[in-house]
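Report on the following structure.
Numbering (full-length UniProt numbering), first residue to last: 1 to 176.
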């Protein structure tokens, strides 16, 4: 994990954060109980370059900026915790590692289980005072999970084949 960020790293992270905000807040689909976006793509790239801690921090910054500029719901700290954990998960699975089918599927399963099926329903139940067992929370979430897991795993693996991540990582390591 990078201990400090130089100007080049900060600039790269800022670009990825801007992409996350755009993909989440402007191009994502969001209802009161469900959100679908491609934010995971810049998060994976950030994870490859910066590791779990800095990717978690970058994801939190993206969450704060997105909420400040394009709030679609009241601020709730639980979703900021989700942002950090999701970034950290991608950093764990992809920092200094090749993107394979195995870590693509594992990263998607871990984020889906921890974030989408455990924490988010808990936050929604607390935020909107809906019973945690309510189908208002679970029906759209379970449908999204069944459809989204293969899509996200395929896109993640595809990124490993098309992104010149080995060159990026080598350039970042040379710069330090």
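We put the CB at the ideal spot given by N, CA and C, even for glycine.
Near residue 130, what residues of its chain come up, given a Cβ to Cβ distance below 7 Å and the 5 sequence neighbours on each side ignored? 124, 136 and 137
Could you tell me the alpha carbon to alpha carbon distance between residue 70 and residue 96, rounded to whole angstroms? 33 Å
Endpoints, the alpha helix (DSSP H) within which residue 121 is located: 120-128
With distances taken between CB atoms, is the gap from residue 76 to residue 20 smaller than 8 Å? no
Strand pairing of residue 35, partner residues [DSSP]: 30
Since residue 111 contacts residue 89 with CB under 8 Å, what's their CB separation in whole angstroms? 5 Å
Between 39, 49 and 132, which lies nearest to residue 167 when the distance is taken from Cα to Cα? 49
What is the rounded straight-line gap between the Cα of residue 53 and the Cα of residue 139? 33 Å
Relative to the C-alpha of residue 10, which residue among 150, 61 and 160 is closest? 61
Sequence-distant residues of its chain with Cβ nearer than 6 Å to residue 17 (five each side left out): 58, 61 and 62
So, with DSSP's three-state summary, where would you put residue 75? coil
Quick check on residue 189: buried or exposed, where buried means 16 or more other Cβ atoms within 10 Å of its Cβ? The first residue shown for the chain is 1 and the last is 176, placing residue 189 beyond what the model contains.
Do you know how far the Cα of residue 160 is from the Cα of residue 113? 23 Å
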